[in-house]
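**Student:**
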Amino acid sequence: MPMGHHRVMSERTADASPTARSGVDVLDDPVRSSLTGHHRHLAQRRGRVLRYRRDVSVFAAFPLDPGPADWSDAVELFGPGGTLPISGSMPTPPPGWATTMALPGVQMIARAVESAPDPAAVILTDDDVPEMLDLVARTRPGPFLPRTIEMGTYLGLRHGGALIAMAGERLHPAGATEISAVCTDPAHRGRGLASRLVLAVADGIVRRGEIPFLHTAAENVTAIRLYESLGFELRKELVFGSFRIPD
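Residue numbers (UniProt numbering): 1 to 247.
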């Protein structure tokens, strides 16, 4: 194996699957683990309902077994007429709540990823956020807000001074880190830039002794095949959904 490469093997991943002290796999609820752990400084909370600050991320943690108090807390946290995001499985909402999204997705975990740093990749900073927002708007890899960069390390590749590709760290449950915002300028696709950045971001995660994982839409077959070719495999199917809170 070339120097500087790190390999995440299936046996190691299976044995080191990140678990909370209760023994529950945190990847079953990575948003909650992140907001009560590494990202607690970015969290807002009402009872069992947590969310990221509005300019950081759209993600929220909502109980799998919600009761009346949880729905009331969601109203307090998101406001009447607001949107409650759901990731995992869709609970049955109270009367008057409308389902506004139910997108099938997949969670994939590194099983045999040969991560490696990329000498051409640069660490992106607050000064790069306008370019990052522009690239995301043109490529639509998923939600990316003005302060999303605070969730972890983001790497970029430049050509002629312009940002042409990026990827970074988003959710950070105990023992694992999500790779997200993987996108390439349409004029520069087909050159393997996304693969290079995924492996470079994964390298930073593995160096910390953590497991890389990621999410994508179930219908995004192109992305899924790319991630499989890099050594990720399906861990679970889930739904990315949302409810509109009554006014």
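Ideal Cβ positions, reconstructed from N, Cα and C, are used throughout, including at glycine.
1) So is residue 229 buried or exposed if we call it buried at 16+ other beta carbons inside 10 Å?
2) So what's residue 70 in DSSP terms, helix, strand or just coil?
3) Assign residue 106 to one of three DSSP states: helix, strand, or coil.
4) Helix, strand or coil: how does DSSP classify residue 78 here?
5) Are the CB atoms of residue 180 and residue 214 within a distance shorter than 8 Å?
6) What are the start and end residues of each continuous alpha helix (DSSP H) run of 4 or more residues lying completely inside the UniProt domain "N-acetyltransferase" (119-247), in chain order?
7) For residue 42, which residues of its own chain have a beta-carbon under 6 Å away from its beta-carbon, when the five flanking residues on both sides are left out?
8) Quick test of your reading: residue 100 and residue 244, contact by CB under 8 Å. State the CB separation rounded to the nearest angstrom.
9) Can you give me the C-alpha to C-alpha distance between residue 94 and residue 71, rounded to a whole angstrom?
10) Put residue 85 into one of helix, strand or coil per three-state DSSP.
11) If the criterion is Cβ atoms closer than 8 Å, does the pair residue 169 and residue 152 meet it?
12) In the DSSP output, which residue or residues are listed as bridge partners for residue 116?
13) Using DSSP with H/G/I as helix, E/B as strand and the rest coil, what is residue 58?
14) Tell me the rounded alpha-carbon separation between residue 225 and residue 247.
15) Measuring CB atoms only, is the region 129-143 touching the region 177-192, in the sense that at least three cross pairs come out at less than 8 Å?
16) Using C-beta distances below 7 Å, list every residue in its chain close to residue 120, excluding the 5 sequence neighbours before and after it, in chain order.
17) Using the C-alpha atoms, what's the distance from residue 26 back to residue 106?
18) Using a threshold of 8 Å, state whether the C-beta atoms of residue 32 and residue 61 are closer than that.
19) Could you have a look at residue 45 and say whether DSSP puts it in helix, strand or coil?
20) With a cut-off of 8 Å on the beta carbons, I'd call residue 167 and residue 198 a contact; round off their distance for me.
21) Residues in its own chain within less than 7 Å of residue 234 by CB, not counting five upstream and five downstream?
22) In angstroms, rounded to a whole number, what distance separates the CA positions of residue 78 and residue 240?
23) Determine the direct distance from the alpha carbon of residue 165 to that of residue 192, and round the result to whole angstroms.
24) Any idea what DSSP makes of residue 27, helix, strand or coil?
**Tutor:** This is what the structure holds:
1) For the purposes of this step, residue 229 is taken as residue 229 along the sequence shown, with counting starting at 1. Burial state of residue 229 is exposed, judged by a 10 Å Cβ sphere holding fewer than 16 other Cβ atoms.
2) By 1-based counting over the sequence shown, the position of residue 70 is 70. The answer is helix: DSSP assigns residue 70 an H, G or I state.
3) Taking the sequence shown and counting its residues from 1, the one referred to as residue 106 is at position 106. Correct three-state label for residue 106: strand.
4) What you label residue 78 is simply residue 78 of the sequence shown in a count that begins at 1. It is helical.
5) To locate residue 214, count along the sequence shown from 1; it is residue 214. To locate residue 180, count along the sequence shown from 1; it is residue 180. Their beta carbons are under 8 Å apart, which means residue 214 touches residue 180 by this criterion.
6) If we require 4 residues or more, the alpha helix (DSSP H) runs fully inside the UniProt domain "N-acetyltransferase" (119-247) come out as 129-139, 193-207, 221-229.
7) For the purposes of this step, residue 42 is taken as residue 42 along the sequence shown, with counting starting at 1. When the five nearest sequence neighbours on each side are left out, the beta carbons in the same chain lying within less than 6 Å of the beta carbon of residue 42 are those of 52, 53, 56, in order along the chain.
8) Along the sequence shown, read from residue 1 onward, the residue named residue 100 stands at position 100. Along the sequence shown, read from residue 1 onward, the residue named residue 244 stands at position 244. Between residue 244 and residue 100 the Cβ distance is about 5 Å, and since that is below 8 Å, they are a contact.
9) Here residue 94 refers to the residue found at position 94 of the sequence shown. Here residue 71 refers to the residue found at position 71 of the sequence shown. In a straight line, the C-alpha of residue 94 is about 8 Å away from that of residue 71.
10) Taking the sequence shown and counting its residues from 1, the one referred to as residue 85 is at position 85. Here residue 85 sits in strand by DSSP.
11) As a working note, residue 169 is residue 169 in the sequence shown. As a working note, residue 152 is residue 152 in the sequence shown. Against a cut-off of 8 Å, the Cβ pair of residue 152 and residue 169 comes out as a contact.
12) As a position in the sequence shown, residue 116 is number 116, starting the count at 1. DSSP output for residue 116 lists no bridge partner at all.
13) In the sequence shown, the residue the question calls residue 58 occupies position 58. Looking at residue 58 - three-state DSSP - the assignment turns out to be coil, as it is neither helix nor strand.
14) Against the sequence shown, residue 225 aligns to sequence position 225. Against the sequence shown, residue 247 aligns to sequence position 247. The C-alpha of residue 247 is placed about 42 Å away from the C-alpha of residue 225.
15) Contact holds: three or more Cβ-Cβ distances are below 8 Å.
16) As a first step, residue 120 must be located in the sequence shown, where it is residue number 120. Around residue 120: 157.
17) As a first step, residue 106 is located in the sequence shown; it is residue number 106 there, counting from the start. As a first step, residue 26 is located in the sequence shown; it is residue number 26 there, counting from the start. The straight-line gap from Cα to Cα measures roughly 16 Å.
18) Position 32 of the sequence shown, counted from the first residue, corresponds to residue 32. Position 61 of the sequence shown, counted from the first residue, corresponds to residue 61. Cβ distance < 8 Å, so residue 32 and residue 61 count as in contact.
19) Translated into positions along the sequence shown, residue 45 becomes position 45. DSSP places residue 45 in strand when its eight states are reduced to three.
20) Position 167 of the sequence shown, counted from the start, is the residue given in the question as residue 167. Position 198 of the sequence shown, counted from the start, is the residue given in the question as residue 198. 6 Å between Cβ atoms; contact.
21) Here residue 234 refers to the residue found at position 234 when the sequence shown is read from its first residue. Sequence-distant Cβ neighbours of residue 234 in its own chain, meaning closer than 7 Å and more than five residues away, are 106, 108.
22) Here residue 78 is taken as the residue at index 78 of the sequence shown, counted from 1. Here residue 240 is taken as the residue at index 240 of the sequence shown, counted from 1. The straight-line gap from Cα to Cα measures roughly 17 Å.
23) By 1-based counting over the sequence shown, the position of residue 192 is 192. By 1-based counting over the sequence shown, the position of residue 165 is 165. If I take the Cα positions, the gap works out to 10 Å.
24) The sequence position of residue 27 within the sequence shown is 27, counting from 1. DSSP places residue 27 in helix when its eight states are reduced to three.
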